[in-house]
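Some notes on the structure that comes next.
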Amino acid sequence: MSQAQPPQPPETAVPTCYRHPDREAHIRCQRCERVICPECMRPASVGFQCPECVKEGAKDTRSGRTAYGGLRPSDASITSGVLIALNVGVWIALMVTGGSSSKLLDWLVLRTQALCLAPGAGAADVGKNVCQQAGGTYLPGVVDGAYYQLVTSMFSQVALWHIGFNMLALWVLGPQLELAIGRIRFLALYFISGFAGGAMVLWLGPEYSVGG
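Quick look at the structure:
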């Protein structure tokens, strides 16, 4: 009686190059995982890439654009760092000059209409000459031409928790936004948001006087 032969293992398909199906290949592209032969292998920082992935990578490098069309920054943390430095610098200046009672704060906050700080009292809607003749300090508002307050109020923060929360959010979210939309668009978004907040204050009424 003849002995039964052991079953033969199934034949495995030999991998071939995706561009040259007649060539056996065992190396995969590091980006797309397609099998490539020695002729199609392009050296990369790690392993090899196929010709198509190399072309695609070169196209992205040449364009230097974000997904939304902005210029891709070389270091996305610089802009947020500068904005944080400006905010903290103004905050230190306010703390040194009196905090919430700082005279510097009186000039930086957003004020819809003029305010006359007379000795022992404050009065709104008083002319500059009348205020100065009474020995008071005249503080203009936006309606009086102090449009700079729309910008300076963005950096005028007094409470420690206020500036701390804002700067933490800017440090965490700022670089991510800049990478997504580009530096110019990120700065535009930052200031447009500040202007929008100022416009809301002006719309609410003349009795409001706020910082950023």
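Under the working numbering, the residues of the sequence shown are numbered 42 to 253, in order.
In this text, a Cβ means the ideal position worked out from N, Cα and C, and glycines have one as well.
Quick caveat, the model's predicted, so the values are computed rather than measured.
Between the beta-carbon of residue i and the beta-carbon of residue j, is there less than 7 angstroms?
i: Gln-199; j: Leu-243; result: For clarity, residue 199 is Val in the given sequence; the question names Gln instead. Not a contact, by the Cβ cut-off of 7 angstroms.
i: Cys-81; j: Arg-60; result: yes
i: Cys-58; j: Arg-64; result: yes
i: Val-95; j: Gln-71; result: no
i: Leu-149; j: Ser-197; result: yes
Which residue wins for smallest C-alpha separation from residue i, given the options the options?
i: Arg-69; options: Cys-91, Asn-128, Ala-99 and Met-195; result: Cys-91
i: Asp-147; options: Asn-207, Gly-182 and Ile-225; result: Gly-182
i: Leu-201; options: Ser-141, Ala-85, Gly-111 and Leu-180; result: Ser-141
i: Met-115; options: Arg-224, Tyr-231, Phe-232 and Ala-237; result: Here residue 115 turns out to be Ser, not Met, going by the sequence shown. For the residues Arg-224, Tyr-231, Phe-232 and Ala-237, the minimum Cα distance to Ser-115 belongs to Arg-224.
i: Ala-187; options: Trp-212, Gly-111, Ile-119 and Thr-153; result: Thr-153
i: Tyr-231; options: Asn-128, Ile-133 and Trp-132; result: Asn-128
i: Met-208; options: Ile-233, Ala-229, Gly-130 and Leu-145; result: Gly-130
i: Leu-211; options: Ala-237, Val-184 and Ile-119; result: Ile-119
Since residue i and residue j should fall inside the 8 angstroms C-beta cutoff, what is the C-beta to C-beta distance between them, to a whole number of angstroms?
i: Gly-139; j: Leu-191; result: With a Cβ gap of about 23 angstroms, Gly-139 and Leu-191 do not count as contacting.
i: Ala-159; j: Gly-177; result: 4 angstroms
i: Phe-255; j: Glu-219; result: Examination of residue 255 is not possible in this model, given that the chain is present from 42 through 253 alone.
Just to confirm my understanding: we take residue i, look at its own chain, exclude 5 residues before and 5 after, and list those with CB closer than 6 angstroms. What are they?
i: Leu-151; result: Gln-190, Ser-194, Gly-239, Val-242 and Val-251
Go through its chain and collect everything with a Cβ distance to residue i's Cβ below 8 angstroms, but skip five positions before and after it.
i: Phe-89; result: Ile-68, Cys-70, Gln-71, Ile-77, Met-82 and Arg-83
i: Gln-217; result: Ala-117
i: Pro-56; result: Glu-65, Ala-66, His-67 and Val-76
Please list, in chain order, all residues of the same chain as residue i whose beta carbon is under 7 angstroms from its beta carbon, the five residues on each side excluded.
i: His-203; result: none
i: Tyr-179; result: Ala-155, Cys-157, Lys-169, Cys-172 and Gln-173
i: Ser-143; result: Leu-135
i: Trp-132; result: Gln-198 and Ile-204
| request: Please determine if the stretch 169-187 and the stretch 122-131 are in contact, where contact requires at least 3 C-beta pairs separated by less than 8 angstroms. | output: no
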